[in-house]
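**Student:** Numbering that gives the first Met the number 0 numbers the first residue of the sequence shown as 0 and each following residue consecutively.
We treat Cβ as the ideally placed atom computed from N, Cα and C, and that holds for glycine.
Below is a structure I'd like to ask you about.
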Amino acid sequence: MNVIYPLAVPKGRRLCCEVCDAPAERVCGACTVTYYCGVVHQRADWGSIHEKICQLLIPLRTSMPFYNSEEERQHGLQQLQQRQKHLIELCYTVAQKYIFEGKHEDAVPAALHSLRFRMNVHGLSSVELVPAYLLLAEASLGLGRVVQAEEYLSQAQWTVLKSTECSYAIHSLLHRNLGLLYMAKENYEEARYHLANDIYFASCAFGTEHIRASGGYFHLANIFNGLKKLDLADTLYTKMKPRKQKLFSS
Numbered sequence: 000m001n002v003i004y005p006l007a008v009p010k011g012r013r014l015c016c017e018v019c020d021a022p023a024e025r026v027c028g029a030c031t032v033t034y035y036c037g038v039v040h041q042r043a044d045w046g047s048i049h050e051k052i053c054q055l056l057i058p059l060r061t062s063m064p065f066y067n068s069e070e071e072r073q074h075g076l077q078q079l080q081q082r083q084k085h086l087i088e089l090c091y092t093v094a095q096k097y098i099f100e101g102k103h104e105d106a107v108p109a110a111l112h113s114l115r116f117r118m119n120v121h122g123l124s125s126v127e128l129v130p131a132y133l134l135l136a137e138a139s140l141g142l143g144r145v146v147q148a149e150e151y152l153s154q155a156q157w158t159v160l161k162s163t164e165c166s167y168a169i170h171s172l173l174h175r176n177l178g179l180l181y182m183a184k185e186n187y188e189e190a191r192y193h194l195a196n197d198i199y200f201a202s203c204a205f206g207t208e209h210i211r212a213s214g215g216y217f218h219l220a221n222i223f224n225g226l227k228k229l230d231l232a233d234t235l236y237t238k239m240k241p242r243k244q245k246l247f248s249s
């Protein structure tokens, strides 16, 4: 890693940390196009996702070459967009894997990369941003950062409300994360409302017996179990069994 010397930065250009968007003081020596506020965030990004995508960032963050024709220029732009789409999926998949493994801190940089590439490809208000917002919210909840999670979920909810093309699956994930947020805030009435919506939208998207609908039942059951309403909790836990049996028998 190399230190950035302020006098070497072109006037008017602001270099920002890849993780927190603060003014950058260091640059990755391998790709020279990624900046950090300090060693801590550089190490976090490297361990999370940067090691996997370091060289892939170079053509995305350097000036495009001069093309001799409009056809060549359009081809170059298409290639650039395809590279970004590849990185969207790669970063998203890596972040999902970290969350599944309970490594919420590691998930954050990967999810942030996925979000930024989505913004570059789809714009700032596209529903395509929502999955990345939801991953960041889930990671934040796993780290106990409830306020940060609420901010990401507000962004996701606002984007969904403005969209006419949002799938049932995205609605399901949004309500599930909102349910988890309100569980963390111990607002169980709101949590139940959102988890019920999660079950509804998951059933619309995948069918009432699909394993994807079981998550809402599980979290609802946990709420009732915590409230000592054991009969309701047992009923909801029981609803999950046929779905799991179907999953493992298929």
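#1: What are the start and end residues of each continuous alpha helix (DSSP H) run of 4 or more residues lying completely inside the region 136-205, in chain order?
#2: Could you please give me the residues that DSSP links to residue 35 through a beta bridge?
#3: Would you check if there are 3 or more beta carbon pairs closer than 8 Å linking the region 81-96 to the region 106-114?
#4: Using the C-alpha atoms, what's the distance from residue 47 back to residue 99?
#5: Using the C-alpha atoms, what's the distance from residue 196 back to residue 225?
#6: I'd like to check one pair, residue 119 with residue 156: are the Cβ atoms closer than 8 Å?
#7: So for residue 238, helix, strand or coil by DSSP?
#8: To the nearest whole angstrom, what separates the beta carbons of residue 164 and residue 126, a pair I think is in contact under 8 Å?
#9: Buried or exposed, going by whether 16 or more other CB atoms sit within 10 Å of the CB of residue 214?
#10: Taking only the alpha-carbon atoms, compute the straight-line gap between residue 136 and residue 149 and give it to the nearest angstrom.
#11: Under 8 Å, do residue 173 and residue 133 count as touching if we go by C-beta distance?
#12: Give me whichever residues DSSP pairs with residue 2 in a beta bridge.
#13: Out of 38, 17 and 158, state which residue places its alpha-carbon closest to the alpha-carbon of residue 1.
#14: Going by the CB atoms, is the gap between residue 106 and residue 138 shorter than 8 Å?
**Tutor:** In short, the structure shows the following:
#1: 145-161, 167-183 and 187-205
#2: 25
#3: yes
#4: 14 Å
#5: 20 Å
#6: no
#7: helix
#8: 6 Å
#9: buried
#10: 7 Å
#11: yes
#12: 25
#13: 38
#14: yes
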